[in-house]
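I have placed the structure first, in the form of structure tokens, so that the comments after it can refer back to it.
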RNA sequence: CGGGGCGUAGUAUAUCGGUAGUAUGCAUGCUUUGGGAGCAUGAGGGCCGAGUUCGAUUCUCGGCGCCCCGACCA
């Protein structure tokens, strides 16, 4: 992509109404635009990152049998009344509106109810199970206070997956499978070594649910970490019996701040019961379908990555979710740079070509701010030998290699 | 929802009861060209409403919006 054609611009100064590092940098670099408190638009660069993250998640969910769908954001009042979660007293993050034709609708803050009810149309026998479905959805939550940039907005992108199985055993098996899939997602997104499976309160159905907590001071949660065992316990369930069950002593735990980038829940059969989702077993006896729910905050993950890897010059993207692999910077060597750009583009390599007619300093500063993993500098210095400089944004390391070698690598 | 802070140009800020200044960004020209260059010229601004006043961007009240701490976050 030609940088000249990118309609966004970088800024030197962060807007005064943002304090969160992720929002400051993403706005300065032109990835997002703030529409109102807790609501951000994703611009070309930001959307590319979102799509990269989604693709990683998609691949991992498909690998464990997930099927992708997308549900409507509009939700029926009657449905949520069946599970007693329509009332604002029960769920305080509802956005609701009225239909002109009469009646009320809600904007989805979660999709357990509608998707489970929908499954009534497709699940009636043990032969129809298991079913694993997921979607990438824009969730809307009427938070009393939005904060932390894109890490806790009123509107955000979430992957939510639901599992429908015949038994607790089958459920447990899939539940454990998702733990692995989730860790692979976070590893691929660059957060592997600082993301921990965390025990959290499980609600009415199981003792624990599990969260995936990524260590960062920008997070909202406090967890107690056992680095040796690679597990953590959310502050909310740091109780003697929990410690005993997990076989850890409080003294061995480290108190750290973390951001919840994912969570997985077991619902048992009660919600299915409420919504009438049952299946017949081999003997023709009806049972409620066992439900599990699995979330990954896509936009929160993006914000977390920015918080963790950014330095004083700007964002640093892990290669796996960067909008481009290369930032090609032309310093008065347009002919050569053009040729290199075309060669890369022909090979389908993702490259942002800074073809703007600006000074070197500005190009370097912008490239550092945007945070693409490799900056490829084409200048008069390499004219005679036909070389380019390849600078690693994360390490700052620079290599001079021949144009030919670079293009063919 | 409790507490605190804030609203001045695209952005960041200053000043002031009486012609609103600076930086940056933007436009044009010249000079410059490896870490956000220099000079010149130009366009661009007081959240909304009411009140006080000869006069309000400034003071008072109300509204709207934004930020922070706490609470909340199946």
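Residue numbers (this note's numbering): 181 to 589.
The beta-carbon is built from N, C-alpha and C at its ideal position, and this holds for glycine as well.
Owing to the predicted nature of the structure, the values given are computational and were not obtained by experimental measurement.
With respect to the beta strand (DSSP E) encompassing residue 439, which residues constitute its N-terminal and C-terminal limits?
434 to 448
In the DSSP assignment, what residue or residues form a beta bridge with residue 473?
342, 445
Between which two residues does the alpha helix (DSSP H) containing residue 521 stretch?
514 to 526
Can you tell me whether residue 199 is buried or exposed? The criterion is at least 16 other CB atoms within 10 Å of its CB, across all chains shown.
exposed
Which two residues bound the contiguous beta strand (DSSP E) that contains residue 212?
212 to 216
Out of 331, 471, 449, point me to the one whose CA is closest to residue 206's CA.
331
Assuming contact is defined by CB atoms lying nearer than 7 Å, are residue 284 and residue 259 in contact in what I supplied?
no
Nearest to residue 318 (by Cα), restricted to the options 298, 220, 325:
220
Let me confirm a value: residue 419 is counted as buried when at least 16 other C-beta atoms fall within 10 Å, else exposed. Which label applies?
exposed
Just mark residue 414 as buried or exposed, buried being the case when its beta carbon has 16 or more other beta carbons within 10 Å.
buried
Can you list the beta strand (DSSP E) stretches of 3 or more residues lying completely in the region 331 to 377, in chain order?
335 to 345
Report the partner residues of residue 403 according to the DSSP bridge assignment.
414, 436
Report the residue from 203, 218, 253, 263 whose alpha carbon sits nearest the alpha carbon of residue 450.
263
Return the Cβ separation of residue 170 and residue 369 in integer angstroms, given the expectation that the two are a contact with Cβ distance under 8 Å.
Here the chain covers residues 181 to 589 and nothing more, so residue 170 does not appear.
Within 8 Å, do at least three Cβ pairs link the region 227 to 245 to the region 500 to 515?
yes
Could you check the C-alpha separation between residue 176 and residue 490 for me, to the nearest Å?
The requested residue 176 does not occur in the structure, where the chain is confined to residues 181 to 589.
Just curious, the beta strand (DSSP E) that residue 219 is in, first and last residue?
219 to 222
Residue 586: which of 574, 539, 531 sits nearest, CA to CA?
531
Along the chain, where does the beta strand (DSSP E) containing residue 567 start, and where does it finish?
567 to 572
Ends of the beta strand (DSSP E) at residue 299?
Element bounds for residue 299: n/a, residue is neither H nor E.
Counting along the chain, where does the alpha helix (DSSP H) carrying residue 588 start and finish?
583 to 588
Would you list the residues sitting across from residue 277 in a DSSP beta bridge?
285
With DSSP run on the structure shown, which of helix, strand or coil describes residue 160?
Residue 160 lies beyond the range of the chain shown here (181 to 589); nothing can be said about it.
Nearest candidate by alpha-carbon position, reference residue 432, set 222, 320, 411, 480
411
Shortest alpha-carbon distance to residue 296 belongs to which of 472, 508, 333, 326?
472
Mind checking who residue 494 pairs with in its DSSP beta bridge?
491
For residue 195, collect the residues of the same chain with a Cβ closer than 8 Å to its Cβ; drop the 5 residues on either side in sequence, then sort them by chain order.
204, 207, 214
Continuous alpha helix (DSSP H) stretch holding residue 548: start and end
540 to 550
Excluding five sequence neighbours on each side, which residues of the same chain lie with their C-beta closer than 7 Å to the C-beta of residue 423?
429, 430
For residue 485, the three-state DSSP class (helix, strand or coil):
helix
Taking the alpha-carbon positions, what's the residue 335 to residue 441 distance?
15 Å
Can you list, in chain order, the residues of its chain whose CB lies under 6 Å from that of residue 375, leaving out five sequence neighbours each side?
366, 392, 394
Judging by CA-CA distance, which residue of 378, 388, 398, 400 is the nearest neighbour of residue 409?
378
One question on the structure: do residue 209 and residue 495 come within less than 7 Å of each other, judged by their Cβ atoms?
yes
Near residue 485, what residues of its chain come up, given a Cβ to Cβ distance below 8 Å and the 5 sequence neighbours on each side ignored?
369, 370, 371, 497, 498, 501
Under 7 Å between the Cβ atoms of residue 244 and residue 226?
no
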